[in-house]
Structure formats: C-alpha cells, structure tokens
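Protein sequences appear in the order of chains A and B. Residue numbers for the first sequence follow numbering that gives the first Met the number 0, beginning at 0 and rising by one. Residue numbers for the second sequence follow numbering that gives the first Met the number 0, beginning at 0 and rising by one. C-beta: ideal position from N, C-alpha, C; glycine also.
Protein chains: 2
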Amino acid sequence: MSLTLERDRFVETMTEQAEIGATDGGGLHRLALSEEDREIRDWFRDQLEALEIPVRVDEFGNMFGRREGTNPDAAPVLVGSHLDSQPFGGIYDGALGVIAPLELLRTLEEEGIETDHPIEIVNWTNEEGSRFQPAMQGSGVWVGAHDLETEYERTDADGVRLVDELERIGYRGDLPAEPQEEYEAYLELHVEQGPYLELNETDVGVVTGVVGFFWGAITFYGEADHSGPTPMHFRNDALVAAADVITQVRRIPGTLGERTVGTVGYVDVEPNSINIIPDEVTITFGFRDPDDEIVEEAKARVLAEAAAAAEREGVDWEWEERHRSASVDFSDACIDAVQSSADDLELDSMRLYSGAGHDAVHMTDVCDTSMVFTVSEDGKSHNEDEYTSWEDCYSGANTLANAVCRLAGAEFDP
Amino acid sequence: MSLTLERDRFVETMTEQAEIGATDGGGLHRLALSEEDREIRDWFRDQLEALEIPVRVDEFGNMFGRREGTNPDAAPVLVGSHLDSQPFGGIYDGALGVIAPLELLRTLEEEGIETDHPIEIVNWTNEEGSRFQPAMQGSGVWVGAHDLETEYERTDADGVRLVDELERIGYRGDLPAEPQEEYEAYLELHVEQGPYLELNETDVGVVTGVVGFFWGAITFYGEADHSGPTPMHFRNDALVAAADVITQVRRIPGTLGERTVGTVGYVDVEPNSINIIPDEVTITFGFRDPDDEIVEEAKARVLAEAAAAAEREGVDWEWEERHRSASVDFSDACIDAVQSSADDLELDSMRLYSGAGHDAVHMTDVCDTSMVFTVSEDGKSHNEDEYTSWEDCYSGANTLANAVCRLAGAEFDP
Numbered sequence: 000m001s002l003t004l005e006r007d008r009f010v011e012t013m014t015e016q017a018e019i020g021a022t023d024g025g026g027l028h029r030l031a032l033s034e035e036d037r038e039i040r041d042w043f044r045d046q047l048e049a050l051e052i053p054v055r056v057d058e059f060g061n062m063f064g065r066r067e068g069t070n071p072d073a074a075p076v077l078v079g080s081h082l083d084s085q086p087f088g089g090i091y092d093g094a095l096g097v098i099a100p101l102e103l104l105r106t107l108e109e110e111g112i113e114t115d116h117p118i119e120i121v122n123w124t125n126e127e128g129s130r131f132q133p134a135m136q137g138s139g140v141w142v143g144a145h146d147l148e149t150e151y152e153r154t155d156a157d158g159v160r161l162v163d164e165l166e167r168i169g170y171r172g173d174l175p176a177e178p179q180e181e182y183e184a185y186l187e188l189h190v191e192q193g194p195y196l197e198l199n200e201t202d203v204g205v206v207t208g209v210v211g212f213f214w215g216a217i218t219f220y221g222e223a224d225h226s227g228p229t230p231m232h233f234r235n236d237a238l239v240a241a242a243d244v245i246t247q248v249r250r251i252p253g254t255l256g257e258r259t260v261g262t263v264g265y266v267d268v269e270p271n272s273i274n275i276i277p278d279e280v281t282i283t284f285g286f287r288d289p290d291d292e293i294v295e296e297a298k299a300r301v302l303a304e305a306a307a308a309a310e311r312e313g314v315d316w317e318w319e320e321r322h323r324s325a326s327v328d329f330s331d332a333c334i335d336a337v338q339s340s341a342d343d344l345e346l347d348s349m350r351l352y353s354g355a356g357h358d359a360v361h362m363t364d365v366c367d368t369s370m371v372f373t374v375s376e377d378g379k380s381h382n383e384d385e386y387t388s389w390e391d392c393y394s395g396a397n398t399l400a401n402a403v404c405r406l407a408g409a410e411f412d413p
Numbered sequence: 000m001s002l003t004l005e006r007d008r009f010v011e012t013m014t015e016q017a018e019i020g021a022t023d024g025g026g027l028h029r030l031a032l033s034e035e036d037r038e039i040r041d042w043f044r045d046q047l048e049a050l051e052i053p054v055r056v057d058e059f060g061n062m063f064g065r066r067e068g069t070n071p072d073a074a075p076v077l078v079g080s081h082l083d084s085q086p087f088g089g090i091y092d093g094a095l096g097v098i099a100p101l102e103l104l105r106t107l108e109e110e111g112i113e114t115d116h117p118i119e120i121v122n123w124t125n126e127e128g129s130r131f132q133p134a135m136q137g138s139g140v141w142v143g144a145h146d147l148e149t150e151y152e153r154t155d156a157d158g159v160r161l162v163d164e165l166e167r168i169g170y171r172g173d174l175p176a177e178p179q180e181e182y183e184a185y186l187e188l189h190v191e192q193g194p195y196l197e198l199n200e201t202d203v204g205v206v207t208g209v210v211g212f213f214w215g216a217i218t219f220y221g222e223a224d225h226s227g228p229t230p231m232h233f234r235n236d237a238l239v240a241a242a243d244v245i246t247q248v249r250r251i252p253g254t255l256g257e258r259t260v261g262t263v264g265y266v267d268v269e270p271n272s273i274n275i276i277p278d279e280v281t282i283t284f285g286f287r288d289p290d291d292e293i294v295e296e297a298k299a300r301v302l303a304e305a306a307a308a309a310e311r312e313g314v315d316w317e318w319e320e321r322h323r324s325a326s327v328d329f330s331d332a333c334i335d336a337v338q339s340s341a342d343d344l345e346l347d348s349m350r351l352y353s354g355a356g357h358d359a360v361h362m363t364d365v366c367d368t369s370m371v372f373t374v375s376e377d378g379k380s381h382n383e384d385e386y387t388s389w390e391d392c393y394s395g396a397n398t399l400a401n402a403v404c405r406l407a408g409a410e411f412d413p
C-alpha cells in the first residue's frame with residue numbers, strides 16, 4: 000500500500016508559493032534574504048504553525064519544523080530543500096522540495112498516521128548562491144563545511160552583509176546552526192535540471208549520487224600591440240591561446256565519458272579593444288563526471304592544451320584552482336527507499352547521478368542521504384522557462400512521501 | 000646638397016616636448032583636450048611665435064603655422080602630425096611628426112633659406128581616438144570626411160562633450176575647419192609602429208600608401224543552461240562558436256597575403272558566469288591588407304567560418320560592419336620627393352605600406368600626400384616601451400625636411 004497526497008491541494012500550494020516573488024514571465028525572483036524571501040519564510044512558518052508544528056530558526060536562518068514520532072529514542076528523518084530562487088528563475092527549483100514534505104506532514108496529520116521516527120522538514124538558507132556566494136550555504140554551515148562567522152560577512156553586489164540581511168528580515172535565530180542530535184536520514188526532492196528523465200520517458204528519478212567537479216581558471220599573458228602594423232608572426236596573442244583552449248574544453252568530454260561535461264563560462268579580455276591585440280585573457284573552465292578520476296583526467300588534459308596553446312602563440316600562462324568537489328555516492332538504504340516507493344506507486348523510474356550540486360551533498364556528511372528527481376522539460380532550469388508538469392511534480396512528491404514514510408517507519412507499512 | 004637639421008637642438012626639443020604629460024614609465028599620457036594637451040599646445044604656439052610665425056586655430060582646434068614663400072601664387076606644402084598621445088603611450092608617436100617640421104622652420108629661418116611655396120606646419124586635434132572617438136578626428140573634420148557638429152557632440156568615458164573640452168582648454172578657434180585654399184602637398188613623419196624597417200636594417204621608410212581595413216562584429220546566440228546537468232550534446236554554446244572563429248581569424252591571414260593581418264580584439268560574453276553556458280557572445284574582427292580585394296576575401300572567409308561554427312554548435316548568429324577603409328596609394332610626386340631625399344642623405348631606405356591609419360590618409364582627399372617612417376624598435380607602439388633611437392629620429396627628420404624643401408621649391412636646390 001502507498002500513501003498518496005491530495006493532488007488538488009498539492010497543486011494549489013505549489014501555485015500559492017509561486018505567487019511570492021512571481022515575475023511577469025511566469026517565473027520567480029526570490030533572492031536569498033530579500034523581502035520576497037522574508038515573505039515566503041513567513042508563509043512557510045504559517046503553514047507549519049497551522050499544523051501545530053512549531054518552527055525553529057537557527058542562527059543562519061535555516062528553518063526546521065518537527066513532527067514527533069512514537070519512539071522517543073529514534074533519530075529524526077530530515078526532508079526539505081530551499082525556498083530561495085535564482086534571479087528570474089523557475090517556480091519549481093527548490094520550492095517543490097519544500098512543498099512536497101509540507102503536504103506529507105498535512106496528510107499524516109489528517110489521516111492520523113504515526114511514524115516511529117520524528118520527521119523534520121527544513122528550508123535551507125541561500126541554496127542558489129546568486130545574491131550571496133557560495134551556493135548551498137545554509138546546509139554547508141549547518142554540517143560544518145563552512146564557518147558561520149565567515150559566511151556572515153559575505154556581501155552582495157551592493158556591499159550589503161549577509162548577517163545584516165538575516166537580521167533585517169528577522170530570520171537570524173538563536174538555535175546553533177549545527178545538528179542538535181543524530182539524524183536517521185535526509186531526503187530531498189528536486190527538478191532534474193537535465194534532460195535524462197524526459198529522454199528516457201520516465202516519471203521519476205532515483206538519484207544515486209552527485210557528480211564530482213573541478214573549477215579552474217587559466218590566464219594567458221601576451222603582448223598588447225597595434226592590430227594594424229604588427230605582422231601575424233610578430234604576435235603573442237593571449238586571446239588566440241584562450242580560444243584554442245575553449246575549443247578543446249568542448250572536445251575533451253567526448254573523449255572521456257558518457258556523462259562528462261566541460262564548460263568555459265567566463266572570459267575576461269584586456270584591454271578588450273577592437274584595435275589592440277589582447278595581452279591578458281582569463282578563462283574559467285569546469286568539468287564534471289560521476290567518476291572523480293575522469294574529472295582529474297579532464298583537468299590534466301585541458302592544462303596540457305593550455306601549455307600547447309601558450310607555446311604555439313608564444314605567450315605566458317598560469318592557472319589556479321577555483322573549486323573542487325568530489326563526487327558523492329548516496330547511501331543504499333536511502334536509494335532503496337526511493338526506488339521501492341517509486342515501484343510501489345507503479346511509476347517508471349531510472350537511476351541517475353545529479354549533474355548539479357544540492358543541499359543533499361552537504362547532508363551526506365551527517366547521515367544517509369538520497370534524492371528524488373522529477374522531469375525537467377528540455378532539461379531547462381535557472382530561468383523562467385523551467386517547466387515540470389503537475390503530473391510529474393505529483394509523481395515526485397508521492398515518491399518522496401513514501402520514501403520518507405519507509406525511513407521513518409510509518410504505521411501504515413508502506 | 001641636402002639640408003641637415005641641428006641634431007642637438009632637435010633632440011633637445013623632442014626631449015622637451017616629452018616632459019609635458021610624462022609618465023613614470025618613460026612614456027606620455029597626453030590625451031586629446033586634456034590639461035596636458037592644453038600645455039603642449041601652448042608650448043607649440045610659443046615655439047612658432049618665437050619664429051614670428053603666427054598660429055591659426057580652427058574651430059576644431061587644429062593648429063596651423065605658416066612660413067610664407069616667395070611666389071604669391073604657389074600653393075602651400077602642409078607638414079605635420081599630432082601632439083596628443085595614447086593613454087600611457089610613447090613619446091615619439093605623433094610628436095616626432097610635429098617637432099621635425101618645427102626644426103625645419105627654425106633651420107630655414109636661421110639659414111635664411113626661402114622657398115617658392117609657403118610651408119605650413121599643422122598639429123591635428125585628437126589623432127589617437129582614445130579619449131574621444133573616432134581616431135584621426137581633426138584631420139577628418141578638416142577634409143570634410145566628418146561633420147563638425149557631430150564630432151563636437153562626442154563624449155568621453157565621463158560623458159564630457161568634446162566641444163566643451165575644446166572651449167575649456169581655449170582651443171576652439173574661429174577659423175573654419177576646412178582648407179582655405181589649394182594645397183600643393185602634405186607630408187607626415189611618423190614612427191612605423193611595425194617591425195619592417197628594423198627587420199630590413201634600413202634607416203628610413205618611404206611610405207607608398209596605407210593598407211585598407213575592415214572591422215566587423217559577430218554575435219552568436221545560444222542557450223544559457225546550467226553547466227552541470229546539461230549534457231554536451233544538448234548544448235548550444237555561443238562561446239564555443241566564437242572561439243572557433245577566433246582561431247580562424249588567426250589562421251586566415253596566412254592563407255591570403257604576406258602583409259595580411261587579422262585580429263579579434265574584443266569579446267563580450269553573457270552571462271559570463273563560471274557555472275552557466277554562455278548564450279550571447281559578441282566578438283569583433285578586423286583584417287588589413289594593401290589589397291582591398293584580399294581584405295574583402297578575408298571578410299568573406301571569416302563569415303563562412305562563423306556560419307560553419309554556428310551550424311556546428313546549433314546557435315544563431317548575425318554580423319555587422321563596424322568600419323571600412325579602402326587602401327590608399329600615396330602620390331608618386333610625394334613618394335619620389337621622400338625617396339630622393341633619403342637617397343641624397345645616403346640613408347638606407349625601403350618602400351612600405353603603413354599598417355596603421357594616419358592623418359595622411361584623410362589628406363589624400365585634399366592633395367598629393369606621402370609619409371616618412373622611422374624605425375620602431377620591436378615594432379612597439381601605443382605603450383611606454385615604444386622606442387626609436389635619436390639617430391633614427393634624426394634620419395627621419397632630415398628626410399622629411401628635404402622632401403618638404405623639394406616640394407616647396409627651396410632656393411638651395413636640395
């Protein structure tokens with residue numbers, strides 16, 4: 000037997016949350032610690048309090064609500080995601096993973112279903128990392144990956160400090176931003192942000208881990224000469240070397256793995272004038288793959304290409320690491336709970352790695368973890384065109400709800 | 000018999016002018032219509048007035064001084080260049096072409112040498128085009144290539160209008176900015192800004208014309224997706240298409256001509272984030288060659304490459320012309336005057352095209368024109384490392400002086 004959420008109310012609640020920070024283009028502009036973030040947080044608090052679930056806010060603004068279990072010694076199952084959005088982002092990214100467990104708590108309450116373990120719902124502060132860096136900040140502080148005081152001092156583009164914004168919107172709580180006890184498991188529902196579920200005509204994704212990634216930057220130093228009288232063989236053009244590397248970053252993934260991706264997203268050219276040969280060009284590069292060795296090999300290959308390009312163009316170069324994140328394998332217990340729930344609901348599912356980072360990555364430091372993915376039409380996310388049908392949202396929400404019930408030991412024996 | 004300038008005074012005068020707007024790095028920062036420009040203009044006026052040559056300033060700030068000839072019906076020979084500099088530019092670019100004719104006038108006066116034609120010296124306003132665009136502005140207005148009122152309204156990076164700066168420094172004159180009579184010829188001495196004279200171990204360059212050039216911009220429009228979960232075959236990466244074109248701009252000149260050059264100097268990437276696949280990338284491109292058909296062919300080839308790159312990457316694209324300048328052939332009479340002067344001075348010379356634009360290009364609309372080039376060490380210009388030995392400066396100045404005397408009909412029969 001499976002639990003099913005009340006579909007109409009679930010869709011209504013998803014629609015309701017999407018009104019706070021709604022954009023004319025049908026998306027969401029609900030940046031971390033903005034007025035819209037305050038509003039959605041107040042709304043979220045109201046929904047929990049209506050269920051007589053008190054809300055705890057920690058000193059980094061992470062919000063928790065807890066429905067007690069029947070066994071006082073059982074560790075809680077944590078479930079949630081984030082209510083902040085990208086600038087002009089979509090209405091599903093993050094919110095779906097908070098609204099689905101809210102609906103689960105409502106359903107458990109209405110149907111009087113008890114669980115052995117407590118169930119905690121969480122809204123993490125600043126998952127998106129667009130107004131304040133880094134991304135996945137609230138969960139990162141909570142698990143101890145980031146230092147609280149350091150993150151307090153982060154500023155947005157206007158120089159506003161994060162801690163001041165937390166205070167301003169009234170969400171700098173008293174609770175230490177760290178686990179107060181052992182946790183049984185963490186589950187998170189999220190849109191895939193990639194095309195694999197749609198391509199495979201599946202209803203729901205069972206997420207087995209998150210790809211590892213490496214971010215770096217390469218700078219080439221050439222000579223800024225006049226673009227007219229300088230013969231081609233007298234040039235040391237930093238941009239040409241950079242362009243060679245950009246084309247190789249496009250090519251390298253195809254030589255390595257089915258899931259390998261590589262991207263140059265950022266370019267800075269000096270002096271950036273139509274009439275001057277560029278003398279200093281910086282590009283970033285990033286590679287991701289489920290296999291950390293492949294990421295390392297991609298990095299080695301791009302640096303070899305940079306060396307060759309610099310030699311060919313007669314320019315100097317250097318590189319630096321910007322960020323590195325090892326791939327994460329989720330726990331079998333949580334993956335099995337998600338898989339069994341999808342099977343019991345008779346949903347078509349597939350196992351896949353997440354290509355993007357999520358709060359769940361940090362949570363693997365604390366307890367068993369897995370995720371449920373829903374279909375992302377055309378794989379689009381981080382913009383207003385992000386779309387997941389209500390049917391697919393509902394499939395994902397039910398899969399999550401039953402997986403939580405399994406891990407929390409629900410009395411209806413899912 | 001050749002005229003020779005007084006070497007020590009010539010070097011002293013070159014050194015003196017380089018003190019106005021001098022940089023710590025041994026260069027010049029004397030932007031058009033700045034305080035430094037006012038100062039060098041005042042200094043230039045003083046030098047001419049000391050020779051009892053009155054200075055005329057036209058409504059665009061171009062400064063003229065005239066030494067009368069003996070034949071009242073003979074058209075004047077104009078000679079000069081510009082006293083403004085690039086930001087942190089060199090001390091020779093422009094200034095050499097004003098100081099050399101100033102020394103010529105001093106020498107003619109001292110030695111009591113008369114000429115058949117009047118000799119006019121000119122300092123053109125804003126040749127460099129760095130503070131206010133376009134470059135070669137004063138001469139362009141004067142020959143009628145640009146509209147005076149339009150150019151008055153140009154603003155610098157701080158939004159300051161050109162005409163207001165002309166007024167402020169006191170160099171908005173009353174004289175119409177246009178030729179008041181026929182001109183016999185125009186000659187200009189300038190540093191080569193390229194390596195050919197040095198490579199060929201010559202003393203001086205006889206400039207036969209100026210290469211033609213084409214400037215354009217290409218924009219690619221792709222899709223801004225998340226750099227993690229988007230598989231390589233789902234991408235429409237505008238930057239990859241642009242990089243393909245940049246590498247081809249490096250390659251195309253070598254397939255076309257010995258003097259063909261091609262440059263991408265400017266890149267704009269949107270959204271320019273390490274974690275997002277670029278969706279809009281604009282690059283500029285420029286090609287130059289003495290043969291306009293080669294320039295046209297280079298343009299056609301780069302657009303073919305852009306089409307192929309866009310097709311390969313599945314992105315849209317468009318392009319626009321930014322500027323086009325046909326190649327210019329200088330007049331045989333002026334070229335011969337320069338060549339004969341160099342030969343009489345027993346200087347090693349070579350004939351070459353200028354790879355950069357100069358005020359002389361505009362002057363070809365008005366009268367017979369040529370230029371004298373001096374050696375540029377390593378071909379460097381537009382920065383503080385620009386260097387020409389005093390010996391080479393002096394060789395160029397003497398060549399110019401004698402060519403002017405030839406065209407003006409000096410009584411000493413050069």
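Contacts between residue 83/B and chain A, judged by CB atoms closer than 9 Å, are missing: the closest CB pair is about 16 Å apart. Under the three-state reduction of DSSP output, residue 88/B falls in the strand class.
In this structure, the straight-line span from the alpha carbon of residue 376/B to that of residue 277/A is close to 20 Å. Around the beta carbon of residue 355/B, a 10 Å sphere encloses 16 or more other beta carbons of the protein chains shown; the residue is thus reported as buried. Along the segment 241 to 270 of chain A, the positions whose C-beta sits under 7 Å from a C-beta of chain B are 242, 243, 245, 246, 249, 252, 253, 260, 262, 263, 264, 265, 266 and 268, read in chain order. Of all alpha-carbon atoms in 204/B, 139/B and 36/B, the one lying nearest the alpha-carbon of residue 176/B is that of 139/B. The beta carbon of residue 228/A falls within 9 Å of a beta carbon belonging to chain B, placing the residue at that interface. Each of 120/A, 24/A, 316/A and 109/A was checked against the Cα of residue 76/A, and the nearest Cα belongs to 120/A. For the pair residue 253/A and residue 236/B, the Cα-to-Cα distance works out to about 15 Å. Counting only Cβ-Cβ distances below 8 Å, residue 298/B has no contacts in chain A at all, with the closest Cβ about 14 Å away. Within the segment 115 to 144 of chain A, the runs of beta strand (DSSP E) that reach at least 3 residues and sit entirely inside it are, in chain order, 118 to 122. The Cβ-Cβ distance between residue 384/B and residue 68/B does not fall below 9 Å. Within 9 Å of the CB of residue 321/B, the CB atoms of chain A belong to 273, in sequence order along the chain. Of all alpha-carbon atoms in 290/B, 228/B, 261/B and 222/B, the one lying nearest the alpha-carbon of residue 280/B is that of 222/B. At the C-beta level, residue 227/B and residue 129/A stay beyond 9 Å of one another. Under DSSP, residue 282/A shares a beta bridge with 217/A and 266/A. Residue range 195 to 198 is occupied by the alpha helix (DSSP H) that includes residue 195/A, with no beta strand (DSSP E) assigned at that position. Rounded to whole angstroms, the gap between the alpha carbons of residue 405/A and residue 336/A is 6 Å. Listed by position along chain A, the residues whose Cβ is nearer than 7 Å to that of residue 316/B form an empty set, because the closest Cβ is around 16 Å away.
For chain B, the residues of the segment 328 to 361 of chain A that bring a beta carbon within less than 8 Å of one of its beta carbons are 353, 354, 355 and 356, in chain order. The Cβ atoms of residue 344/A and residue 3/A lie closer than 9 Å to each other. Nearest C-alpha to residue 230/B among 306/A, 262/A and 411/A: 262/A.
Ranking 308/A, 40/A, 7/A and 285/A by CA distance to the CA of residue 212/A puts 285/A first. Any Cβ of chain A closer than 9 Å to the Cβ of residue 387/B would place that residue at the interface, and such an atom is absent. Counting only runs of 4+ residues, the alpha helix (DSSP H) found wholly inside the segment 32 to 102 of chain A occupies 34 to 49, in chain order. Using a C-beta cut-off of 8 Å, the segment 183 to 198 of chain A makes no contact with the segment 59 to 66 of chain A, since fewer than three inter-stretch Cβ pairs fall below that distance. The criterion of a C-beta distance shorter than 9 Å is not satisfied by residue 55/A and residue 66/A.
Within the same chain, Cβ atoms closer than 7 Å to the Cβ of residue 46/B are found at 101, the five residues on either side in sequence being excluded. Within the DSSP bridge table, the entry for residue 319/A names 216/A as partners. Considering only 171/B, 83/B and 104/B, the residue with the shortest C-alpha distance to residue 403/B is 104/B.
Among the CB atoms of chain A, none fall inside 9 Å of the CB of residue 203/B. Residues of chain A with a Cβ closer than 7 Å to the Cβ of residue 145/B do not exist; the shortest Cβ-Cβ separation is about 18 Å.
Straight across, the Cα-Cα distance linking residue 399/A with residue 123/A is about 18 Å. Nearest to residue 351/B by C-alpha distance, out of 10/B, 19/B, 161/B and 209/B, is 209/B.
When beta bridges are read from the DSSP output, residue 275/A appears opposite 225/A.
At least one beta carbon of chain B lies nearer than 9 Å to the beta carbon of residue 238/A.
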